[in-house]
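All remarks here apply to the structure that follows.
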Amino acid sequence: MRHRLSIAAAIATAVAAGGAAHAETVITQWDQFAQSGITAAGPAMDELIATCKPALGGATVLRTIAPSIGIRESYRLAVSAGKTPDLAYTWPAASVLAGYARIGALAPLDAYYAQYGWPQVNEFYKGRNSYGGEIFAVPMEQDLMGVYYNRDLFNEKGLAVPTTYEEFLALAETLKDEGIVPVSFGNRDRWPATNTFSLILGLTAGLEAEQDVFFGDTPWTNPAFRAAAENFQDWAERGLFPRGFNGIGYDEANALFLSGRAAMTITGTWVLQDMIRGAEFDLGVFMLPPMADGVPSGTMWGEGSQWQLSATASDDVKDAAAAYLDCLLSDASREVWVTKGHTVTIGTTPEELSAWGADPVVQEFFGAGLATAGTNFYDLHTTLPESVTQVLYPELQRLVGGDATADEFLEAMQAAWQAAIDNGERWIP
Amino acid sequence: MFTTRVAYLFLLPALLLYGAFVLVPVGQVVAFSFFAWDNGVATGFAGLDNFVRLAGDDVFWAALGHNVIWVVLTLVFPLTAGLVLAAILAERSARTIRWLGAIYFIPRTIPLVVAGIIWGWIYNPIFGLLNYALEAVGLGGLAGAWLADQDSALISLNVVGAWTFFGFCVVIYLAAIQSIDPSLYEAADIDGAKWRHKFRHITVPLLRGTTLFLGLYASIEAMRFFDLVWVTTQGGPGYATEVLTTHVYKTFFLVGDFGYAAALSVVLLAIVLTISALAFSLLRAR
Chain G
1 MRHRLSIAAA IATAVAAGGA AHAETVITQW DQFAQSGITA AGPAMDELIA
51 TCKPALGGAT VLRTIAPSIG IRESYRLAVS AGKTPDLAYT WPAASVLAGY
101 ARIGALAPLD AYYAQYGWPQ VNEFYKGRNS YGGEIFAVPM EQDLMGVYYN
151 RDLFNEKGLA VPTTYEEFLA LAETLKDEGI VPVSFGNRDR WPATNTFSLI
201 LGLTAGLEAE QDVFFGDTPW TNPAFRAAAE NFQDWAERGL FPRGFNGIGY
251 DEANALFLSG RAAMTITGTW VLQDMIRGAE FDLGVFMLPP MADGVPSGTM
301 WGEGSQWQLS ATASDDVKDA AAAYLDCLLS DASREVWVTK GHTVTIGTTP
351 EELSAWGADP VVQEFFGAGL ATAGTNFYDL HTTLPESVTQ VLYPELQRLV
401 GGDATADEFL EAMQAAWQAA IDNGERWIP
Chain W
1001 MFTTRVAYLF LLPALLLYGA FVLVPVGQVV AFSFFAWDNG VATGFAGLDN
1051 FVRLAGDDVF WAALGHNVIW VVLTLVFPLT AGLVLAAILA ERSARTIRWL
1101 GAIYFIPRTI PLVVAGIIWG WIYNPIFGLL NYALEAVGLG GLAGAWLADQ
1151 DSALISLNVV GAWTFFGFCV VIYLAAIQSI DPSLYEAADI DGAKWRHKFR
1201 HITVPLLRGT TLFLGLYASI EAMRFFDLVW VTTQGGPGYA TEVLTTHVYK
1251 TFFLVGDFGY AAALSVVLLA IVLTISALAF SLLRAR
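From first to last, the protein sequence lines are chains G and W. Take the first sequence: its position 246, counting from 1, is numbered 246 in our numbering, and each next residue is one higher. Take the second sequence: its position 72, counting from 1, is numbered 1072 in our numbering, and each next residue is one higher.
Here is the structure:
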């Protein structure tokens, strides 16, 4: 009897200990802030978790770093298994985020927006993070596409930054004649061409033509989109890219540029950290000029990734996570993101970048990108549902590899697009 | 004395593990295939819709075609090379057999993911060893973008697969050749038979069972391989190296259409089980 009592006491103690552990609020956080590579703002994230500890009200953050390329798959598996992390910083927003909201995996954040304001998240960004009239995420970074170039090489060869598309093509020809790869580009990972094509599409078709397709009834097989597809294919045919670009990895393409063997590379601000660290030459940035008459200057932009809360998190966890997010988005934190993470948060102005002593390349990139805020255009990654993206990836490889015509590419895209619309997957802000 | 009941008791742990980790997941996948899914959440019963969809899925048929090509290429090259090498090796000293057998087998011990990464570097269009070597010997005109070209990608990948598999064939064939009665070769020698005659009329016929085993094993492996393609091309360029497993992976993990991915998996399972059944019946018939 005594023995049984001691076992019961031990069980009771264990249960009590478990209860005490449950009393502590733990926020499970998944983010992509690694130490190097894409979105290499890991040290800034670590610093901000420590800085924001008072805002957590006794809660703690249990952080897991998920590589940005794989986090889409990891997050989907977690959601399907009912193990959605309380707080996740993942991508893409818009159509993919809407998919999770549609199945009830995410918590609506309207009440927290009302409580904290987050005025930097303007209507454009709110729209990209909404579904069914509710907001489901807090976007943080601004992502822009631009042209990184080797300023030393340009100076050595007496080359100037192009201000028109014709000048850009002429510049590429000059570089080719010099035996230099004009644009470092690698699409073995399949996704890089989507960003490049997003930029070409916006600069060829323009924002309004994009909206007519993405949110209206205009098919992909329209003349403006055809011109964009032809432009992309034309780049490959002209030899702007290195040989075998469909067999070159994204990191290898960046390395080719950083090694000085390519004069330019066209990618986004998500590799600013690595570019700044890796360039042993004077690194410059410019925006690609419009590629068709009547299309205004602009660039592909978006929020990159966004913070989202699990619908299954307890109210305590949600409240603590919202307070924590408010801290991460504060002015003081934004300065840390910029100066130590080379990550520019939404709402940061060029003046702030200057005042905070941000790297000149960061200032140059965002100064140019934010100057065209009214005409910047969509990132296909965030605008298309995954089912369409998974058709876009191989079809772009075929297009740019010369294995499909512009018409064949657009017909394949239209078929996938129509199937997604019929399936209720289209996101409309 | 062990009774049948005791024998089953000994089998029980393994059967339970097999049931928990093979039969139940397979059953789940079959069940998944009859439902419609949205981002990993079942939204309703779909009947046979997911299977009907297969008929109009061009990527599925392309992937299946690539699997079949892979089977044929695997049967032709690694098996032939393995047979010839084993036959040559069998006539060397025991020490040579031991050393060369081990060397040939080394690629088999390398995980396909690692082999894929290594060969990805070898084939790389900007710093790859293959193009460098071709240029070094004056054959720069033959240099290419091996994995980036639709026409060469699948063949180039198959070379990697063959590289990892032929050593296994050598070792299996070698063991089989060494079990052939030497008096058959001695009799052939007395009759003045040349090497090629002995190979054709003694070695090859007597290795029929081994060839059958290796062929069926290679066929099953060729239907279910994934890692090599994923780390090198992810099924690209375009759909040039798409195989059934990569199509399943993309549909499941990237699109989140669990129902259709499950239907694809069921079809793949049916193909592999059919080949396996064929293998068992043929091997038992001998």
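Beta carbons are placed, not taken as given, at the ideal position from N, Cα and C, and that holds for glycine. The structure displayed is predicted, hence computed values, not measured ones.
Amino acids of chain W, ordered along the chain, whose beta-carbon sits closer than 9 Å to that of residue i
i	result
G:Ile-248	Asn-1124, Pro-1125, Ile-1126, Ala-1145 and Ala-1148
G:Pro-242	Pro-1125 and Ile-1126
G:Tyr-148	In chain order: nothing, as chain W lies at least about 18 Å away.
G:Gln-390	Lys-1250, Thr-1251, Leu-1254 and Val-1255
G:Glu-208	Within chain W, no residue comes near G:Glu-208; the closest Cβ sits about 30 Å away, beyond 9 Å.
G:Glu-252	Asn-1124, Ile-1126 and Phe-1127
G:Asp-177	Simply none; closest approach about 20 Å.
G:Gly-99	Asp-1038, Asn-1039 and Gly-1256
G:Gly-260	Going along chain W, no residue has its Cβ under 9 Å from G:Gly-260, so there is no contact; the nearest lies around 13 Å.
G:Asp-379	Neighbours of G:Asp-379 on chain W: none; closest Cβ ~17 Å, over 9 Å.
CB contact flag (residue i, residue j, <8 Å)
i	j	result
G:Pro-92	G:Glu-134	no
G:Phe-377	G:Met-300	yes
G:Asn-246	G:Asn-187	yes
G:Gly-57	G:Met-145	no
G:Tyr-116	G:Asp-326	yes
G:Thr-60	G:Gln-308	no
W:Phe-1258	W:Gly-1040	yes
W:Arg-1098	W:Gly-1167	no
W:Val-1029	W:Val-1266	yes
W:Ala-1277	W:Leu-1216	no
G:Gly-298	G:Thr-375	yes
G:Tyr-149	G:Gly-284	yes
W:Pro-1237	W:Ala-1115	no
Closer than 7 Å at the beta carbon, the chain W residues around residue i
i	result
G:Arg-76	Asn-1039, Gly-1040, Phe-1253 and Gly-1256
G:Val-79	Asn-1039 and Gly-1040
G:Gln-363	The premise fails here: G:Gln-363 is roughly 32 Å from chain W at the closest Cβ pair, so nothing lies under 7 Å.
G:Glu-303	None at all; the shortest Cβ gap to chain W is about 20 Å.
G:Leu-256	Ile-1126
Closest residue to residue i among the options (Cα-Cα distance)
i	options	result
G:Leu-203	G:Glu-237, G:Gly-216, G:Thr-218 and G:Ala-229	G:Ala-229
W:Val-1255	G:Ile-428, G:Glu-24, G:Leu-77 and G:Arg-398	G:Leu-77
G:Phe-33	G:Cys-52, G:Leu-56 and G:Ile-71	G:Ile-71
G:Ser-310	G:Asp-86, G:Glu-156, G:Ser-80 and G:Thr-60	G:Asp-86
G:Ala-406	G:Pro-360, G:Trp-220 and G:Arg-277	G:Trp-220
G:Val-183	G:Ala-114, G:Cys-327 and G:Ala-253	G:Ala-253
G:Gln-306	G:Gln-142, G:Val-336, G:Ala-160 and G:Arg-102	G:Gln-142
G:Ala-323	G:Leu-175, G:Ile-103, G:Tyr-113 and G:Trp-427	G:Tyr-113
W:Ile-1069	W:Pro-1025, W:Phe-1032, W:Tyr-1104 and W:Ala-1240	W:Ala-1240
G:Ala-41	G:Gln-273, G:Ala-358 and G:Glu-425	G:Gln-273
W:Leu-1048	W:Gly-1056, W:Ser-1033, W:Ala-1062 and W:Val-1059	W:Ser-1033
W:Thr-1210	W:Ala-1187, W:Glu-1186 and W:Ala-1175	W:Ala-1175
G:Leu-175	G:Phe-241, G:Met-287, G:Leu-283 and G:Gly-104	G:Phe-241
G:Phe-286	G:Val-295, G:Leu-258 and G:Gln-363	G:Gln-363
G:Leu-201	G:Val-181, G:Pro-223 and G:Ile-180	G:Pro-223
G:Ile-421	G:Leu-384, G:Gln-390, G:Val-400 and G:Gln-233	G:Leu-384
W:Leu-1269	W:Trp-1037, W:Tyr-1008 and W:Leu-1064	W:Leu-1064
For residue i, the first and last residue of its enclosing alpha helix (DSSP H)
i	result
G:Trp-431	Because chain G spans 1 through 429 in this model, residue 431 of chain G falls outside it and cannot be assessed.
G:Ala-101	94-102
W:Tyr-1104	1094-1109
W:Leu-1278	1258-1285
G:Asp-319	315-328
Neighbour list for residue i in chain G, Cβ cutoff strictly below 7 Å
i	result
W:Gly-1236	Arg-190, Asn-246, Pro-394 and Gln-397
W:Tyr-1239	Pro-394
Amino acids of chain W, ordered along the chain, whose beta-carbon sits closer than 8 Å to that of residue i
i	result
G:Arg-102	Asp-1038 and Asn-1039
G:Ser-387	Val-1255 and Asp-1257
G:Glu-73	Phe-1253 and Leu-1254
Bounding residues of the beta strand (DSSP E) (the contiguous stretch that carries residue i)
i	result
G:Arg-63	60-65
W:Leu-1016	Here W:Leu-1016 belongs to no beta strand (DSSP E); instead the alpha helix (DSSP H) covers 1004-1018.
W:Val-1022	Taken as a continuous stretch (DSSP letters only), W:Val-1022 belongs to no beta strand (DSSP E), as it is neither H nor E.
Amino acids of chain G, ordered along the chain, whose beta-carbon sits closer than 9 Å to that of residue i
i	result
W:Thr-1246	In chain order: nothing, as chain G lies at least about 11 Å away.
W:Thr-1080	Correct list: empty, because the minimum Cβ distance to chain G is about 28 Å.
Min CB distance residue i to chain A below 8 Å
i	result
G:Leu-384	Included in the structure are the protein chains G and W, with no chain A among them.
Jot down the residue ranges of each uninterrupted beta strand (DSSP E) in the stretch 169-223 of chain G, minimum 3 residues, whole runs only, in chain order.
If we require 3 residues or more, the beta strand (DSSP E) runs fully inside the stretch 169-223 of chain G come out as 181-184.
Starting from the N-terminal side, write out each stretch of the alpha helix (DSSP H) that is 4 residues or longer and does not extend beyond the stretch 214-278 of chain G.
Every unbroken stretch of the alpha helix (DSSP H) spanning 4 or more residues and falling wholly within the stretch 214-278 of chain G is given here in chain order: 223-238, 250-258 and 272-278.
Starting from the N-terminal side, write out each stretch of the beta strand (DSSP E) that is 3 residues or longer and does not extend beyond the stretch 115-173 of chain G.
Counting whole runs of 3 or more residues, the stretch 115-173 of chain G contains the beta strand (DSSP E) stretches 143-150.
Segments of 4+ residues assigned as alpha helix (DSSP H) that fall wholly inside the stretch 338-381 of chain G
Listed in chain order, the complete alpha helix (DSSP H) runs (minimum 4 residues) inside the stretch 338-381 of chain G are 350-355 and 360-370.
Please give the ranges of any alpha helix (DSSP H) in the stretch 1020-1072 of chain W, keeping only runs that are unbroken, at least 4 residues long and fully inside the region.
Runs of the alpha helix (DSSP H) inside the stretch 1020-1072 of chain W: 1024-1032 and 1049-1055.
Residue ranges of each alpha helix (DSSP H) run of no fewer than 4 residues wholly in the stretch 1125-1212 of chain W, ordered along the chain?
Fully enclosed alpha helix (DSSP H) runs of 4 or longer: 1129-1136, 1153-1178, 1182-1190 and 1195-1198.
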